[in-house]
Ligand code: SF4
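Protein chains in written order, with my numbering: chain A, 2 to 617; chain B, 3 to 198.
Here you go:
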């Protein structure tokens, strides 16, 4: 049995934040869940996927976040408790659905999890999704610990059902990826089927209907505010006169700092767990006893703006500050020492000196950036594109996935990237405004996610662009989740169909389509050259399963290679491929046999044919 | 209760996430509050993987610069790189088996030799303990048991509030049964290596 299905209330488990969230949803009787994978939220879905195979939970990987939210919106409007999981930028994709779903509302509880990523550990931006609560008018809950996240899930479903509105549960990477002890609660039996009673004048959002629904939404925000006034997740610790308002993981840093600075008696802390809409009455009465107030929140001054507005209404004139050059930054994530230092300076108390030793005499250390795996087929494709474009001025928009790493030298494939699917649309723009050849890269999962509309656009508007689809039969970057092009039967998972990328591309009307096997270097270069020479839209589909996934499924068949005596030390292998299996010792190139997967690409690249299979 | 802050740095694929899981489970067995956080987004793509573990009554799950009580390096260059987490009272334990990053292979930077690494670390911390974790893992019967060797070194050095028995139990529970014997042997070798 999956460990998160353990039905022994009171038992303690050491769980990742994302596991605690999944467990909380199970305890709350979640019956339906949908997602598009995205770090730092992916482990919630990975657990749901497993759980769905041994319980009544319905779970799906949808093609993108917008579809995931639409699927979820219907499930919740059939009365079933539903969760929809995505990373912060995923909400941008789903935003069109979100904004009007807030008007329509739900009948069964719907919790939308948005996992924000301050510092951008694995994201293209660090947007603060609390503003989506404000923009859509939906309530936001923010846990501070894994245990609290578990507990909050049931509460989130309750208020969603009370308000008949989706609820946003907002986490940050440090909560998703922190592990701590969690005490299991009882599991509520899920209700897996509901019904939908037709009521078009409340569900079909033509203007006349939406005008009424917006009125309803505004009333709901008021109701949400009164729930926030009573919420146990908005709590006040201490009764000193130095006010601190904080949320999420910042609360943990504040607690540690209060202890380290010895100011427990002096402070009073408002921890906002129900952070939108903020409970105005409670905030005002909190303020009334404060000499000055520090707002401790990562990201944007979301609570700061709200608290200042409330202070104005209450006639509170003492200092309220948060984001300020000498206090907190809107950039990156906080850490305990930084919060302690700012608190000490704001409240004028002594702070222990930083104990970092002077490291100024340290030499510059070689960096260790992540690199495409040894044997990754993306490397072979990028090499082939480099060869096929020699002497041709070009621009290479790239997209989001492992292959983004190809922008680093020595492969240097990737010139422009803004969001999922953008390689195709931006390629269209560059093709019209420069006289360079456009070669765009997109992964298989990203192609399904949001590459298809861009490709249709390219065909319709007749842009001159070559799209290389890196099809490795999985969503590799986020942990090898399936997507519509994956052969699920080959993974022994029944009940799925498979969508062929080639048929989609041909169906769109692309006139030049080539399928390549990237480990065959010569043929790949030739096919890419031909596609580049084609005027108009051409597509190259590079098919080779992800090496790391194959390794984990124990289906790697290649035998390792070694560098033989014929090596003349040209180092084309290292300098042009950059496979991490190479290393240099005593000024000679070697291959780490434990890393080599036997893809054989370097053997085709070496001009001396010096790279040969290891003899058994 | 005293708070002990431990940073573990490794290269993706070295198994440090499993090691920290074992320590977490061991702490739970002894009813010692424990929190940890890790950045493992691109762990399997050969990047640096860092875990922070905090034993005792703290709320934070991360460790600020200069605030680690113990630094465990699975790889000497990464131990050196993490020196910003240390202070004059930090105990550093590191494996001496280098895994040069790819950048060094393509001539972007030079991998410092072990003597230089030690010379940088030693004067800035309370003590530096080194062991050849790879050799001990091989001796235990599996080069992949480096993580267990290094767990052993933490316990042998007595730098964590965890008992030998609790960690051994956690190893048995957390790692694959087929490897339990080798893992425990690796753990013992690591423990003995720093005790001696
Ligand atoms: S996980 Fe797969 S796709 Fe990603 S770098 Fe490794 S082999 Fe390539």
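We treat Cβ as the ideally placed atom computed from N, Cα and C, and that holds for glycine.
- With a threshold of 8 Å between beta carbons, residue 38 of chain B makes contact with chain A.
- Taken through DSSP and simplified to helix, strand or coil, residue 94 of chain A comes out as helix.
- Placement of the Cβ of residue 473 of chain A at a distance of less than 7 Å from at least one heavy atom of ligand 1 is found.
- By the Cβ-count criterion, residue 39 of chain A is buried, with 16 or more other Cβ atoms from all chains shown falling within 10 Å of its own Cβ.
- A distance of 8 Å or more separates the beta carbons of residue 176 of chain A and residue 201 of chain A.
- Under the 8 Å criterion on CB atoms, residue 15 of chain A is classed as interfacial with respect to chain B.
- The continuous alpha helix (DSSP H) containing residue 388 of chain A extends over residues 378 to 389.
- Contact check for residue 613 of chain A and residue 579 of chain A: beta-carbon distance about 20 Å, past the 8 Å limit, so the pair fails to qualify.
- Looking at the backbone, the Cα of residue 198 of chain A and that of residue 166 of chain A are separated by about 17 Å.
- Residue state for residue 149 of chain B is assigned as helix, using DSSP reduced to three classes.
- Assignment of residue 133 of chain B by DSSP, reduced to helix, strand and coil, places it in the strand class.
- Chain-order list of chain B residues neighbouring residue 365 of chain A: 111, by C-beta distance under 8 Å.
- Burial of residue 87 of chain B is indicated by the presence of at least 16 other C-beta atoms within 10 angstroms of its C-beta.
- DSSP places residue 127 of chain A outside any alpha helix (DSSP H), giving it a letter other than H or E.
- Taking a beta-carbon distance threshold of 8 Å, residue 141 of chain B does not count as an interface residue toward chain A.
- When DSSP assignments are scanned along the segment 57 to 81 of chain A, the uninterrupted stretches of alpha helix (DSSP H) that are 4 or more residues long and fall wholly within it turn out to be 66 to 78.
- Within a 10 Å sphere around the beta-carbon of residue 365 of chain A sit fewer than 16 other beta-carbons, which makes this residue exposed.
- As computed with DSSP, residue 180 of chain A is found in a beta bridge with A/17, B/38.
- In terms of Cβ geometry, residue 321 of chain A and residue 296 of chain A form a close pair [threshold 8 Å].
- Taking the beta carbon of residue 584 of chain A as reference, the chain B residues within 9 Å of it are 102, 104, 106, 107, listed in sequence order.
- Look at residue 25 of chain A here: in three-state DSSP terms it is helix.
- Residues of the segment 70 to 90 of chain B that bring their beta carbon within less than 8 Å of a beta carbon in chain A comprise 79, 80, 82, 83, 85, 86, 88, 89, 90, in sequence order.
- Rounded to whole angstroms, the gap between the alpha carbons of residue 553 of chain A and residue 272 of chain A is 43 Å.
- By DSSP's assignment, residue 52 of chain A forms no beta bridge with any residue.
- At a C-beta separation below 9 Å, residue 158 of chain B has no neighbours in chain A, since its nearest C-beta there lies roughly 23 Å away.
- For the segment 326 to 373 of chain A, the continuous alpha helix (DSSP H) assignments of 4+ residues that do not extend past its boundaries occur at 337 to 347, in sequence order.
- A straight line joining the alpha-carbon of residue 558 of chain A with that of residue 488 of chain A spans about 19 Å.
- Close to residue 178 of chain A, with beta-carbon spacing below 8 Å, are these residues of chain B in chain order: 39, 40, 41, 42.
- In the DSSP annotation of this structure, the continuous segment of the beta strand (DSSP E) that includes residue 273 of chain A starts and ends at 268 to 273.
- Annotated three-state conformation of residue 149 of chain A is helix, per DSSP.
- Interface residue (Cβ-Cβ distance to chain A less than 8 Å): residue 68 of chain B is classified as such.
- Look at residue 47 of chain B: its beta carbon is less than 7 Å from one of the heavy atoms in ligand 1.
- C-alpha of residue 130 of chain A to C-alpha of residue 67 of chain A: approximately 16 Å in a straight line.
- Per DSSP, the continuous beta strand (DSSP E) segment holding residue 117 of chain A begins and ends at 111 to 117.
- Contact holds between the segment 297 to 308 of chain A and the segment 246 to 261 of chain A, because three or more Cβ pairs, one in each stretch, are under 8 Å apart.
- For residue 337 of chain A, the chain B residues whose Cβ falls inside 9 Å of its Cβ are 60, 61, 62, 64, 65, 66, 69, in order along the chain.
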